[in-house]
Amino acid sequence: RPTFAIQKSYVVYLGVHSHGPEVSSIDFDQVTESHYDFLGSFLGRKKAKDVVFYSYTRHINGFAATLEEEEAAEIAKHPKVVSVFLNKRRKLH
Amino acid sequence: TTRSWDFLRLEDDGVIHSSSIWKKARFGEDTIIGNLDTGVWPRSKSFSDEEMGPIPSKWKGICQKGGDASFRCNRKLIGARYFNKGSAAIAGPFNSSYDSPLDTEGHGSHTLSTAGGNFVAGANVFGFGNGTAKGGSPKARVAAYKVCGSGCFDADILAGFDFAIHDGVDVLSVSLGGDADPFFKDSVAIGSFHAVKNGIVVICSAGNSGPDDATVSNLAPWQITVGASTMDRQFPSYVNLGNKMSFQGESLSTKALPPNKFFPLIGAAHAKAANASAEDALLCKAGTLDPRKVKGKILVCLRGITARVDKGQQAALAGAVGMVLANNDLSGNEIIADPHVLPASHINYADGVAVFNYVNSTRSPMAYITRPKTQLNTKPAPFMAAFSSKGPNTITPEILKPDITAPGVSVIAAYTEAQGPTDEDFDNRRVLFNSVSGTSMSCPHVSGIVGLLKTLHPNWSPAAIRSAIMTSARTRDNVVEPITTSFYKKATPFSYGAGHVQPNRAMDPGLVYDLTVNDYLNFLCALGYNQTQIALFSERPYTCSKHTSLANFNYPSITVPKLNGSITVTRTVKNVGSPGTYRAHVKKPAGISISVKPGSLKFEKIGEEKTFKLTLKVKEANAARDYVFGGLTWSDGKHYVRSPIVVKAA
């Protein structure tokens, strides 16, 4: 590994939640914890907590995190993952 | 919006008839419209809660003030949130204005007020376009989701969608987009998918990358994608030359030249500063003009593909008394009325060539720019804006995009008071309303109409609402000729989709092409997503149908991008009107034969569904090598349920 690997921000999209639409804030915390757990299985839980900057907990299942390219590619192969994509800039029209 | 709703026949010179969808749909009462954009200027009168009742009990949103304690929501603007972590991850530290839903840019206030702003009498831009500003659903509740600060980033957009769905919006207006990425690598497509699964209608702008083909964005079939066209209002300002030639441009300049006094005219390339290139000077870029050459003259600048408005500032800084802004061929042919800081007129490419020819061939060229006027009932209207992005759809060519067109040129709506009307730092003027152009402006017109349809038909699915809007659209302008491009050529469904929106017709479409979430899952199966992937976003186990075909996806438009010999496509229509018999009428695309079976459909009750088949055959091998266009209309004599047909032979 290079000493200074290039980090970029990505969205990891996991589809829908297993919880239904009526959930409490405690459940939202559980979802976030599950995102840390999932990413932690690749990076270690401590690093996972450090790099996740969004945990989508309501209807969209996924998170946004700062990752190295190789990490993003590895995560994309996981069967629970729909897609991993760069956090790109969109334009106002 | 001081004119657009009149142009869309919701009112007639300010009078709202009892047959208007506004009256029938109680001006969008009970509907909640969310907007993913640059936030909101809550002090705008467009968001006044006068005469609004209590906030609907279903609303779960909040008014997130962030670092701005003065930010207030009310019974009209019932929610606001901001999302900036995705921006911070890329752009780094940002200024404090991003820690608030306050719109310091203007775009979000403009789009949200176009969709659901309240009535505000006496709205104008420096006296131009005076009238009553209002949204399409003026009595709807609105909520702002600020996802754009220093750009609009996927991670923030997705967060905005997640919360908007949770909060309980009925309609989401999304005037942003980007490259045509695969649907599940595109935050707007993903967010829209989840929204539509929850019964929320999502309206997106088609993009401003026209007039080239295959430039349209927001391509998913669960989105309503909106192109931009003109309304019947212009702000003409004439450029009169010393050789008696005169050209009609447009402008919203507040300053005017002294009456009937001609001024020396100079091309910007001839006014270049010593250290500047003629190319940069021609575009009137900052620091490229020599004030000694410009002072006291009218400067002719080329528009180029960069921002228009700052050129006026550069001309003024260099001492010009006026500016003629000429289109280059790359920028299309439309002319936009902008609130320039000096007397100015924006003219089209052909006229620009004539002005440059005059400047280059005359020893002492002279010109005069007339003060702009507000002109109504202009003809032809609508015509397509050159900037409006066009099909075909580069991800799924079987789905026609854009779906529809709506007014998106010189739209006057609420604006921020944190910025000047030209969005330039040096513009110290402040306006309550501003004139802006883009598919960003046409998108919320459709969002407002969707708000009305939601109030009127709360049980209609997002697909049924889209179908009603598309099948009731018109493809002729106000001189009853086919809608044209800004180059005066006949426009095609690649520009306008099903046509120009007609809200009063959309409320009673007769039949709809409906779609369920399962239809969208089937669509994804047909695109090649495997069952394991689909299970991840389907909530329950889902088996792809073996006979799934994109051709049979029950979309209100019919597109066959590779017709090899013949194809039979199936569609199902649902009766949402009254009992009756509908007969098929086909306008055949050149070189294609079409048959419809059965040729008539009898409906005895509301909610009844009937299926028909449309067989398309290549008639002449060479005739349809490029896209050709036709249409299918089902009519019971009262309703006209129109679908564009777009075909290309393989």
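Just so you know, the sequences run in chain order Z and W. In terms of our numbering, the first sequence is residues 408 to 500. In terms of our numbering, the second sequence is residues 489 to 1138. We treat Cβ as the ideally placed atom computed from N, Cα and C, and that holds for glycine.
Which chain Z residues sit within Cβ distance under 7 Å of W:HIS654?
ARG465 and HIS466
Find the nearest neighbour of W:TRP948 within the set W:ASP644, W:ALA986 and W:VAL1064, judged by alpha-carbon distance.
W:VAL1064
Residues of chain Z with CB closer than 9 Å to the CB of W:ILE509, please, in chain order.
The premise fails here: W:ILE509 is roughly 25 Å from chain Z at the closest Cβ pair, so nothing lies under 9 Å.
Are the C-beta of W:LYS636 and some C-beta of chain Z separated by less than 9 Å?
Reading off the sequence shown, one finds Cys at residue 636 of chain W, where the question assumed Lys. Yes, W:CYS636 counts as interfacial toward chain Z.
Where the alpha helix (DSSP H) containing W:CYS931 begins and where it ends:
927-944
Meets three-Cβ-pair contact criterion under 8 Å: the segment 505-525 of chain W and the segment 627-646 of chain W
yes
Cβ distance (whole Å) where W:SER597 is taken to contact W:THR904 below 8 Å
5 Å
Where the segment 415-439 of chain Z meets chain W: residues whose CB sits under 8 Å from a CB there
SER416, VAL418, TYR420, LEU421, GLY422, VAL423 and PRO428
Closer than 9 Å at the beta carbon, the chain W residues around Z:PHE460:
LYS573, GLY574, ALA576, ALA577 and ALA643
Go through the segment 857-925 of chain W residue by residue and report every complete run of the alpha helix (DSSP H) that reaches 4 residues or more, in order.
none
Residue-level contact to chain W via CB, Z:HIS500, 9 Å cutoff
yes
Any beta carbon of chain W sitting closer than 9 Å to that of Z:LEU450?
no
Using a Cβ distance threshold of 8 Å, determine whether the segment 551-571 of chain W contacts the segment 638-651 of chain W, with at least three qualifying pairs required.
yes
Nearest to Z:LYS454 (by Cα), restricted to the options Z:GLY427, Z:VAL488 and Z:HIS442
Z:HIS442
At what residues does the alpha helix (DSSP H) containing W:ASP996 begin and finish?
No alpha helix (DSSP H) contains W:ASP996, which DSSP labels as neither H nor E.
Closer than 8 Å, Cβ to any Cβ of chain Z: which residues of the segment 910-930 of chain W, in chain order?
GLY926, THR927 and SER928
The beta strand (DSSP E) that contains W:SER1088, what's its start and end?
1088-1091
Beta-carbon within less than 6 Å of W:PHE975's beta-carbon, same chain only, minus the 5 sequence neighbours each way: which residues are those?
ASN821
By DSSP, does W:TRP1122 sit in helix, in strand, or in coil?
strand
Would W:ALA894 and W:VAL934 qualify as a contact pair, given that the criterion is a beta-carbon distance under 9 Å?
yes
Looking at C-alpha atoms only, which residue of W:LEU1120, W:ALA1137 and W:VAL528 is the closest neighbour of W:ASP1114?
W:ALA1137
Whose CA, out of W:ASP494, W:ASP655, W:TYR984 and W:MET811, lies closest to the CA of W:ASP701?
W:TYR984
By how many angstroms is the C-alpha of W:VAL657 removed from the C-alpha of W:LYS546?
9 Å
Test: Z:LYS484 CB closer than 9 Å to a CB of chain W:
no
Please state if the CB of W:MET995 and the CB of W:HIS945 are separated by a distance shorter than 9 Å.
yes
Cβ of Z:ALA479 less than 9 Å from any chain W Cβ?
no
CB contact check: Z:SER441 to chain W, cutoff 9 Å:
no
Using a Cβ cut-off of 7 Å, pull out every chain W residue sitting near Z:ALA471, in sequence order please.
GLY574 and ALA643
Restricting to runs no shorter than 3 residues, where is the beta strand (DSSP E) found entirely within the segment 694-749 of chain W?
712-717, 724-729 and 734-738
Are the beta-carbon atoms of W:LEU790 and W:LEU770 separated by less than 9 Å?
yes
Given W:SER663 as reference, the closest of W:CYS1013, W:CYS636 and W:PHE1091 once Cα atoms are compared
W:CYS636
So W:ILE1082 contacts chain Z; which residues on that side make the cut at Cβ distance below 8 Å?
What W:ILE1082 touches in chain Z: nothing, since even the nearest Cβ is about 35 Å away.
Short of 8 Å in beta carbon distance, which residues of its chain neighbour W:ILE824, apart from the five on each side in sequence? Order them along the chain.
GLU738, ARG796, HIS834, VAL897, SER898 and SER925
Own chain partners of W:PHE681 with C-beta closer than 6 Å, once the 5 adjacent residues on each side are dropped
TRP710
Round the Cβ separation of Z:PHE449 and Z:GLU478 to the nearest angstrom and send it over; I've been treating them as touching at under 8 Å.
6 Å
Between which two residues does the alpha helix (DSSP H) containing W:LYS512 stretch?
509-512
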